[in-house]
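I have placed the structure first, in the form of structure tokens, so that the comments after it can refer back to it.
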Amino acid sequence: MATGFQRIVVTGGVVDVDGDEMTRIIWQMIKEKLIFPFVEMRDHRYFDLGIQNRDATNDQVTVDCAHAILDCNVGIKCATITPDAARVREFNLKQMWLSPNGTIRNILGGTVFREPIICKNVPRLVTCWDRPICIGRHAFGDQYKAQDVRFTQPGTLEMVFTPDDGSAPMRRQVFRFPANATPGGVGLCMYNTDESIIGFAHSSFQYALQKGWPLYLSTKNTILKQYDGRFMDIFQDIFDRVYKPQFDAAGITYEHRLIDDMVAFAMKTNGGFVWACKNYDGDVQSDSVAQGFGSLGLMTSVLMCPDGRTVEAEAAHGTVTRHYRMHQRGEETSTNPVASIFAWSRGLLHRAKLDNNERLAQFCYALEKACIDCVEAGQMTKDLALCIKPLSALTRADWQTTTEYLNSVAARLEAALHASTL
Numbered sequence: 402m403a404t405g406f407q408r409i410v411v412t413g414g415v416v417d418v419d420g421d422e423m424t425r426i427i428w429q430m431i432k433e434k435l436i437f438p439f440v441e442m443r444d445h446r447y448f449d450l451g452i453q454n455r456d457a458t459n460d461q462v463t464v465d466c467a468h469a470i471l472d473c474n475v476g477i478k479c480a481t482i483t484p485d486a487a488r489v490r491e492f493n494l495k496q497m498w499l500s501p502n503g504t505i506r507n508i509l510g511g512t513v514f515r516e517p518i519i520c521k522n523v524p525r526l527v528t529c530w531d532r533p534i535c536i537g538r539h540a541f542g543d544q545y546k547a548q549d550v551r552f553t554q555p556g557t558l559e560m561v562f563t564p565d566d567g568s569a570p571m572r573r574q575v576f577r578f579p580a581n582a583t584p585g586g587v588g589l590c591m592y593n594t595d596e597s598i599i600g601f602a603h604s605s606f607q608y609a610l611q612k613g614w615p616l617y618l619s620t621k622n623t624i625l626k627q628y629d630g631r632f633m634d635i636f637q638d639i640f641d642r643v644y645k646p647q648f649d650a651a652g653i654t655y656e657h658r659l660i661d662d663m664v665a666f667a668m669k670t671n672g673g674f675v676w677a678c679k680n681y682d683g684d685v686q687s688d689s690v691a692q693g694f695g696s697l698g699l700m701t702s703v704l705m706c707p708d709g710r711t712v713e714a715e716a717a718h719g720t721v722t723r724h725y726r727m728h729q730r731g732e733e734t735s736t737n738p739v740a741s742i743f744a745w746s747r748g749l750l751h752r753a754k755l756d757n758n759e760r761l762a763q764f765c766y767a768l769e770k771a772c773i774d775c776v777e778a779g780q781m782t783k784d785l786a787l788c789i790k791p792l793s794a795l796t797r798a799d800w801q802t803t804t805e806y807l808n809s810v811a812a813r814l815e816a817a818l819h820a821s822t823l
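Using the working numbering, you'd call the opening residue of the sequence shown number 402 and step up by one each time.
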């Protein structure tokens with residue numbers, strides 16, 4: 402417990418979701434050094450989503466975790482392994498379990514919002530970006546739930562929809578593959594649902610209102626007139642019927658733009674907006690924005706449900722396997738924990754808003770400031786130091802181990818809290 406500090410009582414539920422490898426070790430250190438000494442969570446629900454426990458429970462723990470998040474309205478998640486064939490062999494798994502992120506998102510619904518963490522001394526590749534750009538990725542359907550096929554002979558590719566009411570099927574010819582020297586090719590069929598697009602729209606409008614930033618939706622409706630046109634029409638209808646008065650009152654706007662136009666527009670702005678992207682576009686643009694701001698390790702990730710009340714916060718990176726192997730060998734590691742710390746701060750900040758807990762909100766702001774102030778004071782992990790200096794010029798004094806960095810943040814945080822009225 403922090404010396405002389407009265408811990409902040411949190412009565413609302415918080416789901417603590419543990420993960421794998423290096424991030425699992427860091428997760429425990431964050432809680433021991435930065436959370437538990439200052440915050441008393443009276444409804445703290447722990448779920449172990451480490452790959453071995455998921456395997457032992459036949460992945461039921463992931464489903465139970467998602468329903469607990471729905472019950473509490475707040476989940477805070479560590480990075481987890483999504484197993485491939487090599488991981489199945491490594492851990493002797495019963496099967497190749499699905500992505501826990503995908504399972505949780507399918508139960509919760511909602512939209513993943515990713516936003517850069519800006520440190521003044523980490524150089525930005527896009528120099529005009531001085532305010533965050535938040536990418537809202539519609540994490541449902543499209544290419545990620547598509548069926549793709551390969552053909553090796555001439556023939557006709559068709560798309561068929563068969564109504565449940567027994568009426569005539571809707572049939573569309575996609576392409577006639579001719580008989581030639583190299584017959585065949587590939588095909589793809591993907592989908593989305595009105596229900597999911599409606600949820601995407603509500604989540605996006607809610608998040609923009611919370612941030613106080615304008616919202617842009619990007620599609621390619623000039624080419625996919627029915628598919629992308631449906632996204633555009635649903636967003637516009639919901640905005641006009643539900644959110645326009647709130648946006649007007651907040652002094653912010655909503656606009657649809659073509660994806661290519663939006664990319665060009667984003668490159669020349671100074672930031673400060675929410676960008677709602679379809680699934681694949683969001684996958685690509687979130688990494689582009691992260692790198693444009695200087696580091697993939699400085700990115701928050703928040704899943705917001707359409708009701709605006711349920712949130713899951715997580716780090717927008719993997720389990721850092723290479724560093725975990727070093728840790729297993731007893732070697733010194735310098736893994737960037739900032740995104741994992743911000744998972745805790747963003748999750749607890751949402752809990753504070755739900756509970757009207759001002760002390761908790763101020764703690765979250767102080768924790769994030771301590772992280773950024775350390776980096777800007779030259780206390781950082783090696784990946785960030787390499788953003789500032791080339792490897793040839795880097796010395797051991799330029800960077801800290803993970804433990805050293807967390808200790809620096811803890812010291813700065815405790816000093817800030819003692820100096821405040823908290």
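C-beta: ideal position from N, C-alpha, C; glycine also.
Paired residues, beta bridge with residue 588 - DSSP: 550
8 Å Cβ cutoff met for residue 513 and residue 473: no
Inter-residue CB distance, residue 695 and residue 775 (contact presumed, cutoff 8 Å): Not quite, the Cβ-Cβ distance comes to about 16 Å (not below 8 Å), so this is no contact.
Neighbour-count burial assignment, residue 491, 16 or more Cβ in a 10 Å radius: exposed
Simplified DSSP assignment, three categories, for residue 497: coil
Proximity winner among 604, 626 and 779, relative to residue 617 (alpha-carbon distances): 604
Integer-rounded CB distance, given that residue 715 should sit under 8 Å from residue 432: So it is not a contact: roughly 15 Å between Cβ atoms.
Classification of residue 559 by the beta-carbon crowding that lies within 10 angstroms, buried from 16 upward: exposed
Opposing strand residues paired with residue 619 [DSSP bridges]: 658 and 678
Per-residue burial, residue 819 [other beta carbons within 10 Å of its own, 16 or more giving buried]: exposed
Contact belief for residue 803 with residue 738 at Cβ below 8 Å, rounded distance in angstroms: 6 Å
Local Cβ density within 10 Å of residue 463, reported as buried at 16 or more and exposed below that: buried
Nearest-angstrom Cβ-Cβ length linking residue 693 and residue 526, presumed shorter than 8 Å: 5 Å
Residue 646 burial status per 10 Å Cβ neighbour count (16 or more: buried): exposed
is_contact[residue 741, chain B] using C-beta, thresh 8 Å: You won't find chain B in this structure, because it holds only one protein chain.
Rounded separation between residue 529 and residue 620 - CA only: 24 Å
Cut-off 6 Å between Cβ atoms - residues of its own chain near residue 606, not counting five sequence neighbours on either side: 644
Three-state secondary structure assigned by DSSP to residue 708: coil
CB of residue 516 within 8 Å of CB of residue 501, strictly: no
Cβ pair residue 450, residue 706 closer than 8 Å: no
In chain order, each alpha helix (DSSP H) run of at least 4 residues that lies wholly inside the stretch 791-820: 803-820
As assigned by DSSP and simplified to three states, the class of residue 478: strand
Rounded separation between residue 756 and residue 467 - CA only: 21 Å
Three-state class that DSSP yields for residue 418 in the structure shown: strand
CB of residue 423 within 8 Å of CB of residue 721, strictly: yes
Residues that DSSP places opposite residue 716 in a beta bridge: 701
Three CB pairs or more closer than 8 Å across the stretch 631-639 and the stretch 723-738: no
Local conformation of residue 625 per DSSP, three classes: coil
Residue 557 burial status per 10 Å Cβ neighbour count (16 or more: buried): exposed
Backbone CA spacing between residue 564 and residue 511 [nearest angstrom]: 27 Å
Expected contact under 8 Å - CB spacing of residue 411 and residue 761 to nearest Å: 6 Å
Three-state secondary structure assigned by DSSP to residue 441: strand
Cβ pair residue 753, residue 765 closer than 8 Å: yes
Selected residue, minimal CA-CA separation from residue 813, among 768, 750 and 591: 768
The alpha helix (DSSP H) enclosing residue 748, as first and last residue numbers: 739-756
Beta carbon of residue 575 nearer than 8 Å to that of residue 588: yes
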